[in-house]
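To start, the structure itself, in structure tokens.
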Amino acid sequence: MKLERLLHSQGFGSRKECRALIRAGRVAVAGQPVEDPFAEIPPEDAVFSVDDEDWRYRAQAYVLLHKPAGHECSHQPQFHPSVFSLLPEPLGTRGVQCVGRLDQDSTGLLLLSDDGQFIHRWSSGKKRVPKVYEVTTAEAVTDEQVATLLAGVQLHDEPAPILAAACERTGEYALRLTVTEGKYHQVKRMVAAAGNHVERLHRTRIGGLDLPADLPAGAWRWLDEADLARLADFPVIAR
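As structure tokens, then:
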């Protein structure tokens, strides 16, 4: 693959902009400066740097972000900064999108990608991918509320009750809730329908993938093959 095309595919600008980067001596491949935009570079596992920042060629981008509060899952945020402002500019340029969303005040595990099939698989409610949330409530959690969430609550505009795939009380004002549908504001609406109110919402797992304990809020990292395997490794929850 020509170097200018490789940079373009990784989000470093238009072909013209990538040629200018290379000719300005700002690009190196395997540690060696390359000033020929048309140099042929094998893309498989190609390691390159732009302005001394190292990158590896990735045909598709798969990213995990520890979303902090106060950020919107939108390229055009209305009231708060975008989660995309937390990522390097090339990721936004190559068009990564959120795989599902978290509200601006919610935190935790958020996946992003530029792979349309991946986005559809992991955001579609029809796939029944379990998502685990740690919920802090406004009022003390009762056994009856847990039972109600497991039995199903009726949400506005939904034809049938929505059941929690799993639910347990983890503290006087805390729940661990698993859902599979991915409906709008689902956890908040379910908890409200059960007679309580969500104060804080933190997503810790999608499928079989956990939010890394050592990844601070606002930080991101690439998903590797082991992460993708864990993501897909989860039991099918019978309904």
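Read left to right, the sequence shown gives residues 10 to 248 (my numbering). We put the beta carbon where it would ideally sit given N, CA and C, even for glycine. Since the model is a prediction, treat every value here as computed from it, not as a measurement.
Extent of the continuous beta strand (DSSP E) run through residue i
i           : result
residue 197 : Premise fails: residue 197 lies in the alpha helix (DSSP H), 195 to 202, not in any beta strand (DSSP E).
residue 125 : No beta strand (DSSP E) holds residue 125; the alpha helix (DSSP H) holding it covers 125 to 132.
Bridge partner(s) assigned by DSSP for residue i
i           : result
residue 57  : 38 and 64
residue 45  : Answer is none; residue 45 lacks a bridge partner.
residue 171 : 162
residue 183 : 145 and 180
residue 219 : 214
residue 11  : 49
Span of the alpha helix (DSSP H) around residue i
i           : result
residue 103 : That residue, residue 103, is in no alpha helix (DSSP H); it is neither H nor E in DSSP.
residue 118 : Counting along the chain, residue 118 falls outside any alpha helix (DSSP H), though it belongs to the beta strand (DSSP E) covering 116 to 122.
residue 31  : 24 to 32
Integer Cβ distance of residue i from residue j, believed to fall under 8 Å
i           : j           : result
residue 97  : residue 21  : Rounded, the Cβ-Cβ distance is 10 Å, inconsistent with contact.
residue 28  : residue 46  : 4 Å
residue 173 : residue 186 : 6 Å
Secondary structure of residue i, DSSP reduced to three states
i           : result
residue 212 : strand
residue 140 : strand
residue 238 : helix
residue 17  : helix
residue 151 : coil
residue 82  : coil
residue 94  : helix
residue 76  : strand
residue 230 : strand
residue 192 : coil
Check: residue i C-beta below 7 Å from any heavy atom of the ligand SAM
i          : result
residue 86 : Inclusion of the ligand SAM in the displayed structure is not the case, the ligand content being empty and no account of it being possible.
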